[in-house]
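Final position of the sequence shown in this note's numbering is 240; the numbers increase by one with none missing.
Below is one structure; the comments refer to it alone.
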Amino acid sequence: MTSYADDLALAIELADLADAITTDRFGASDLVVESKPDTTPVSDADKAVERAIRAHLAQHRPGDAIWGEEFGVDGDSPRRWVVDPIDGTKNFVRNVPVWATLISLLDGDTPVVGVVSAPALGRRWWAHLGGGAYTQAFDREPRRITVSKVSSIQDASISYASLAAWRDRGLGDAFLGLLERTWRERAYGDFYSYMLVAEGAVDLAAEPELSLWDMAALAPIVTEAGGRFTGLDGVDGPLRGNAAASNGLLHDEFLAALRG
């Protein structure tokens, strides 16, 4: 098996660069926020992070492609760095601390490196293919993480981002029915739902519409922690435009419920 340890080390360097920018701009009185064509917000911090990451990759991995949320695609290598400079920009611009930089490497269609850095929470998560999944609170030593062993939907905790998105997809009733079957439901939202699955704090997470940069860093962390990360159609990986993550034991029943 190819080792991606060096790529993971580079991804962590990129996360350090991003954290320096985002922590400086978080809560800044002069933060500039614009609306993109899809009406979602983008801040000067989003753009600055992606520019810094692109510059560092151009120096250290000049042959690799880069896919970024803010500035699109550069290169056509099968090795693709996929970057969401700030996942949770709506939180960021409203001074809610639940946001993160997502950095991943895909080799072909396989996500082989993932780093999620949430400096306002004091947390970071990472994994590379075959190397296990880890987290670190910034004042503590890293620790390996694993998913839960919950085997019943009725005993499961589920996290999600938005009820409206499920209604828009025509799955609102099915999703609400699933929530009612679970032991506990909370909308932690965005990247955080999936990191809680990887840690075993939550058992299920799903969203009906996502982009590659929303998911690519999450998938290897969940799977290296022993869980499953698929589309709503059950195909493994972050390429389906939507996501379902679980501890694995619940996945088939989870997908059946999500499909309505």
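Every residue, glycine too, gets a C-beta built ideally from N, C-alpha and C.
Here the structure is a predicted model, which means the values were calculated and not measured.
message: Cutting at 6 Å between CB atoms, please list the residues of its own chain near Arg104, excluding the five before and the five after it.
response: Ser97 and Gln116
message: Could you compute how far the alpha carbon of Ala0 sits from the alpha carbon of Ala236?
response: 42 Å
message: Suppose contacts are defined by Cβ-Cβ distances below 8 Å. Is Ala136 in contact with Leu230 by that definition?
response: yes
query: Residues in its own chain within less than 6 Å of Arg166 by CB, not counting five upstream and five downstream?
result: Ser139
query: For Ala35, is the classification buried or exposed, using 16 other Cβ atoms within 10 angstroms of its Cβ as the cut-off for buried?
result: exposed
message: According to DSSP, is Ile(-8) part of a helix, a strand, or is it coil?
response: helix
message: Looking at Ile(-8): is its Cβ nearer than 8 Å to the Cβ of Trp106?
response: yes
field: 8 Å Cβ cutoff met for Pro58 and Gly217
entry: no
task: Consult DSSP for Gly152 and reduce its assignment to one of helix, strand or coil.
output: helix
query: Which one of Leu(-3), Val130, Asp10 and Glu49 has the shortest CA to CA distance from Pro99?
result: Leu(-3)
field: In chain order, each beta strand (DSSP E) run of at least 3 residues that lies wholly inside the region -16 to 71
entry: 13 to 15, 21 to 23, 45 to 48, 52 to 54 and 59 to 67
query: Between which two residues does the beta strand (DSSP E) carrying Asp87 extend?
result: Ala80 to Asp87
field: N- and C-terminal bounds of the beta strand (DSSP E) containing Leu184
entry: Leu184 to Glu187
- prompt: For Tyr114, which beta-bridge partners are listed by DSSP?
  reply: Trp106 and Arg124
- request: Determine the DSSP secondary structure at Gly94, reduced to helix, strand or coil.
  value: strand
field: Unbroken stretches of the alpha helix (DSSP H), 4 residues or longer, contained in the region 157 to 240
entry: 170 to 179, 192 to 195, 198 to 204 and 231 to 238
- prompt: With burial defined as no fewer than 16 other Cβ atoms inside 10 Å of the residue's Cβ, what is the status of Arg123: buried or exposed?
  reply: exposed
query: Start and end of the beta strand (DSSP E) containing Ile138?
result: Ser137 to Ser139
message: Does the structure place the region 44 to 59 close enough to the region 75 to 89 that three or more beta carbon pairs sit under 8 Å?
response: yes
- request: Give the C-beta separation of Asp194 and Asp64 to the nearest angstrom, bearing in mind that I take them to be a contact with Cβ-Cβ under 8 Å.
  value: 6 Å
field: CB of Val13 within 8 Å of CB of Val73, strictly
entry: yes
Lys27 versus Val53 - alpha carbon distance: 14 Å
message: Just verifying my parser: in three-state terms, what is the DSSP assignment at Pro99?
response: helix
- request: Work out the CA separation of Trp79 and Thr69 for me, nearest whole Å.
  value: 7 Å
field: Own chain residues within Cβ distance below 8 Å of Ala(-15), not counting five before or after
entry: His108 and Gly111
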